[in-house]
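Residues in the sequence shown are numbered consecutively from 2, following the numbering used here.
Built from N, CA and C at the ideal position, the CB exists for glycine as well.
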Amino acid sequence: VVDDVRAKLPQLRLQVKGAIHLTPLLARSLPIRAAVSNVQETLAIAICLVIMVIFLFLRKVSATIIPALAVPVSLIGTCAAMYAFGFSINNMTLLALTLSVGFVVDDAIVMLENIVRHVEGGMRPFEAALKGSREIGFTIVSITFSLIAVFIPVLLMGGMVGRVFREFAVTIAVAIITSGFVSLTLTPMLCARVLRGHHPGEEEKQNFVLRTFEALFERMKSAYEWSLDRVLAYKSIMLMVTLATIAGTIWLYIVVPKGFFPVEDTGYMIGITEGNTDIAFPAMVDHQRKVADIVRKDPAVDYINSTVGAGGPNSLPNSGRMLVALKPRDERGSLQSIIARLRREANIFPGIQIFFQPIQNINLGGKLAKSQYQYTLQSNDTEALYRVAPELRDKIAKLPGLLDVTTDLYVKNPQVTVAVDREKAMVYGVSIDQVRQQLYDAFGSRQVATIYTPANNYEVILETKPEFQNSPNDLDKVYLKTSNGTVVPLSAVTKFVRTVGPLQVNHQGQQPAVTISFNLRPGFSLGQAVDEISNLEREDHLPATITTGFQGTAQVFQDSLRGQGILILAAIFAAYVVLGILYESFIHPITIISGLPSAGIGAILTLMLFRMELSVIAMIGIVMLVGIVKKNAIMMIDFAIERRRVGLSAESAIREAAIVRFRPIMMTTFAAIFGTLPIALGTGAGAELRQPLGVAVVGGLLLSQLLTLYITPVIYVYLDRVDRLIKRRLEPQLEEVAEAPPAVAAE
Numbered sequence: 002v003v004d005d006v007r008a009k010l011p012q013l014r015l016q017v018k019g020a021i022h023l024t025p026l027l028a029r030s031l032p033i034r035a036a037v038s039n040v041q042e043t044l045a046i047a048i049c050l051v052i053m054v055i056f057l058f059l060r061k062v063s064a065t066i067i068p069a070l071a072v073p074v075s076l077i078g079t080c081a082a083m084y085a086f087g088f089s090i091n092n093m094t095l096l097a098l099t100l101s102v103g104f105v106v107d108d109a110i111v112m113l114e115n116i117v118r119h120v121e122g123g124m125r126p127f128e129a130a131l132k133g134s135r136e137i138g139f140t141i142v143s144i145t146f147s148l149i150a151v152f153i154p155v156l157l158m159g160g161m162v163g164r165v166f167r168e169f170a171v172t173i174a175v176a177i178i179t180s181g182f183v184s185l186t187l188t189p190m191l192c193a194r195v196l197r198g199h200h201p202g203e204e205e206k207q208n209f210v211l212r213t214f215e216a217l218f219e220r221m222k223s224a225y226e227w228s229l230d231r232v233l234a235y236k237s238i239m240l241m242v243t244l245a246t247i248a249g250t251i252w253l254y255i256v257v258p259k260g261f262f263p264v265e266d267t268g269y270m271i272g273i274t275e276g277n278t279d280i281a282f283p284a285m286v287d288h289q290r291k292v293a294d295i296v297r298k299d300p301a302v303d304y305i306n307s308t309v310g311a312g313g314p315n316s317l318p319n320s321g322r323m324l325v326a327l328k329p330r331d332e333r334g335s336l337q338s339i340i341a342r343l344r345r346e347a348n349i350f351p352g353i354q355i356f357f358q359p360i361q362n363i364n365l366g367g368k369l370a371k372s373q374y375q376y377t378l379q380s381n382d383t384e385a386l387y388r389v390a391p392e393l394r395d396k397i398a399k400l401p402g403l404l405d406v407t408t409d410l411y412v413k414n415p416q417v418t419v420a421v422d423r424e425k426a427m428v429y430g431v432s433i434d435q436v437r438q439q440l441y442d443a444f445g446s447r448q449v450a451t452i453y454t455p456a457n458n459y460e461v462i463l464e465t466k467p468e469f470q471n472s473p474n475d476l477d478k479v480y481l482k483t484s485n486g487t488v489v490p491l492s493a494v495t496k497f498v499r500t501v502g503p504l505q506v507n508h509q510g511q512q513p514a515v516t517i518s519f520n521l522r523p524g525f526s527l528g529q530a531v532d533e534i535s536n537l538e539r540e541d542h543l544p545a546t547i548t549t550g551f552q553g554t555a556q557v558f559q560d561s562l563r564g565q566g567i568l569i570l571a572a573i574f575a576a577y578v579v580l581g582i583l584y585e586s587f588i589h590p591i592t593i594i595s596g597l598p599s600a601g602i603g604a605i606l607t608l609m610l611f612r613m614e615l616s617v618i619a620m621i622g623i624v625m626l627v628g629i630v631k632k633n634a635i636m637m638i639d640f641a642i643e644r645r646r647v648g649l650s651a652e653s654a655i656r657e658a659a660i661v662r663f664r665p666i667m668m669t670t671f672a673a674i675f676g677t678l679p680i681a682l683g684t685g686a687g688a689e690l691r692q693p694l695g696v697a698v699v700g701g702l703l704l705s706q707l708l709t710l711y712i713t714p715v716i717y718v719y720l721d722r723v724d725r726l727i728k729r730r731l732e733p734q735l736e737e738v739a740e741a742p743p744a745v746a747a748e
């Protein structure tokens, strides 16, 4: 649609007192298209990085092809499901596809590594494929279903945030299901057909890079084996570290700055102008033109579109609007610096102010205001409302983290009330309706005729000459026809009372309302602003007749903030239930999820390190970590359970499992990290929206990878003792039930 309109732009020009081009009307869609294009590039980079990681670990082209094929097959299947669900290629679905690149290869890597391990042990590829797939099949099922489980709460989220992330959750869940199916079918078949038998000395034919990487990996594995023995020897210390990660996660969640959606640099912003309440339209046009000239001359501005007066998006005659298109990023500075500079340079003319705010790809409701966030006061007692609102606005303006604090309250607009003297009107034979109609003819917009032409129709509007519309004194020049046919001036039957009154009376929910809007200083989060305003409201002791609340983005942020903790707990509970069903145990799922707090600490610390807020998009990344981090523990626990069945002790079984599964754990983790790294480091249109998610996932994976390799074995040993103790206590009861007669046992 955008391309079609742009192609027809020369034919779509209107001539109304000058050319009004339609190019700026596409500004809302162009940032979205640019952002989608940028995500496509990020997706391609992520695929290349993941394949590179696989090749470094496997050191063979033939082995690398097998998991690499899982990426396009899984993505094609996901796109087919998206088509069936009616989803489009948009910011959310492309973000889900990009993130899934690091996950869809996990199952294939786990399957491939287990088969390759048997091949290197001397088995033929076909036999190794059969044995390896039988050994690892349940592990892949566990990883797949536990990953899907954490997205169930995201899928069931309500409100505007739930609607935004619904397609994201469905897309990534379908990608995970498809990858699990591919890993259980296509990957073993390719291993049996593509892999070659192990030949001694094959490593010597590898190039220098692969040999160096393998040597580094072997040293890393030896260091891990040595450190794991020390940790198992002092298990109580690691148990204290585990408890400390839980406390640290809770504390960091409380102190981290919280926000909603990050502010995007789409290359477009809006400037809303406001003149004095008694300003005339010609004066407002003149003021707007002066401000527009300053904005247009800024070196970062490409072009602007300026409108003024009531109508369309402008609700008041003393308001105007500018759509500002910026130059490409490499030719200008950051968006916040440009807004700060224009705010300082454009607000120099008396009688007019301009407020800037960036255009965002995601807007979640709220009224059109001069600033980005709104705080509303409502009351049936208009006297108290109009008295309290300006006082509260002045106090909010003094808060250190807020900018552009203003209201939509205009109650001091100069007015002239025409009061009809009924006695004099009866003497002259003039009716009140005649006075009203004469004033409307002179200063209203009465249509008295229509001019029809072959090309268009033109309405004829009746009004007095412009020179008789400049002052209230011109009302004396309006004349009325009396009943005897003579004319008298308007002042003969009326009195002119000069007062002040509202320019506009705003309502919300059928009650008079005043909205205080504000912007945030760089580095000041929306969560901090909400807390500061709420504290100010409590300290101010507002009258009981006035109700307050945030609107628009700030209101949706409050709703999402209340649901963040529930979302995390619901994701953990869903994962626990699924793992409990798969393992038929209450103990093993606790072992698997014991490393989750370390991921939370890593994610929040990384966000704070890069001065990012814990936004909704970052919280979705933490939810994803709940599913990703569990796979390390699942691979260890599955292997340890099998070794326990052959008679090994809990400590020996989990030690062997950790060492044997070390390579697939590192492969899957690094694949997830490098698959998400382009999002964390991304630039271009819409990158600010995606970066917190990538930073949270990468930071959480880095720290959790280090800690879960030690936390999971220690927790497994401790909980295995608990599991054995419970079973010993239950065995006598089970034996009594088994020895009892069938009827008694049934009871």
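- Counting along the chain, no beta strand (DSSP E) covers Ser372, and no H or E run does either.
- Within the model, the alpha-carbon separation for Glu275 versus Arg322 is close to 9 Å.
- Shown here, Glu275 sits in a strand according to DSSP, grouped into three states.
- DSSP places Ala450 inside the beta strand (DSSP E), whose first and last residues are 447 to 453.
- Where Glu460 is concerned, the enclosing beta strand (DSSP E) starts and stops at 458 to 463.
- With respect to Ala530, Leu378 sits apart: the two C-beta atoms are not nearer than 8 Å.
- Around Leu521, the same chain offers Gln373, Tyr374, Gly402, Leu403, Leu404, Leu527, Ala530 as residues with beta carbons nearer than 8 Å, after the five sequence neighbours per side are excluded.
- In this model, Thr465 and Glu346 are separated by some 39 Å (Cα to Cα).
- Here the alpha carbon of Ala64 sits roughly 8 Å from the alpha carbon of Cys192.
- Under the DSSP assignment, Pro679 falls in the alpha helix (DSSP H) whose first and last residues are 663 to 681.
- For Asp405, there is no enclosing alpha helix (DSSP H); the residue is found in the beta strand (DSSP E) stretching over 403 to 408.
- Annotated as distal: Ala672 and Ile153, with beta-carbon spacing of 8 Å or more.
- Annotation for Thr592: Ala634, Ile638, Thr713, Ile716, Tyr717, Leu720 place their beta carbon closer than 8 Å to its own, counting only its chain and skipping 5 residues before and after.
- Put simply, of Val449, Gln505, Lys399, Thr408 the residue whose alpha carbon is nearest the alpha carbon of Asn414 is Gln505.
- Contact between Arg60 and Leu211 holds: CB atoms are separated by about 5 Å, below the 8 Å threshold.
- Distance from the CA atom of Gln438 to the CA atom of Tyr411, rounded to whole angstroms, is 27 Å.
- Take Met609, set aside five residues on each side of it, and the residues of its chain with a beta-carbon closer than 7 Å to its own are Val257, in chain order.
- Ile353 carries a strand assignment under DSSP once its states are collapsed to helix, strand and coil.
- Between the segment 137 to 156 and the segment 174 to 186 there are three or more inter-stretch CB-CB distances shorter than 8 Å, so the stretches are counted as touching.
- Straight-line spacing of the CA atoms in Leu229 and Ile666 works out to 15 Å.
- The closest CA to that of Ser599, considering only Leu626, Leu185, Ser616, is found on Leu626.
- For Gly550, the pairing in a beta bridge is given by DSSP as Thr377.
- CA-to-CA, the gap between Val419 and Phe497 works out to about 5 Å.
- Secondary-structure assignment with DSSP links Thr308 through a beta bridge to Arg322.
- Lys413 carries a coil assignment under DSSP once its states are collapsed to helix, strand and coil.
- Between Ile618 and Met124, the alpha-carbon positions lie close to 47 Å from each other.
- Between the C-alpha atoms of Gln509 and Thr516 there is a straight-line separation of about 10 Å.
- Judged by DSSP in its simplified three-state form, Val264 adopts coil rather than helix or strand.
- Here the alpha carbons of Phe214 and Leu57 stand approximately 7 Å from one another.
- For Phe519, the uninterrupted beta strand (DSSP E) segment begins and ends at 512 to 521.
- Note on His288: 16 or more other CB atoms within 10 angstroms of its CB, so buried under the neighbour-count rule.
- Scanning Phe525, Leu710, Leu606, Glu265 for the CA closest to the CA of Val232 turns up Leu710.
- Judged by beta-carbon spacing, Val494 lies beyond the 8 Å limit of Gln416, meaning their Cβ atoms are not closer than that value.
- Residue pairing from DSSP places Gln358 in a beta bridge opposite Ile271.
- Distance from the CA of Arg645 to the CA of Ala654, rounded to the nearest whole angstrom, comes to 6 Å.
- DSSP places Leu481 within a strand segment (E or B) once states are collapsed to three.
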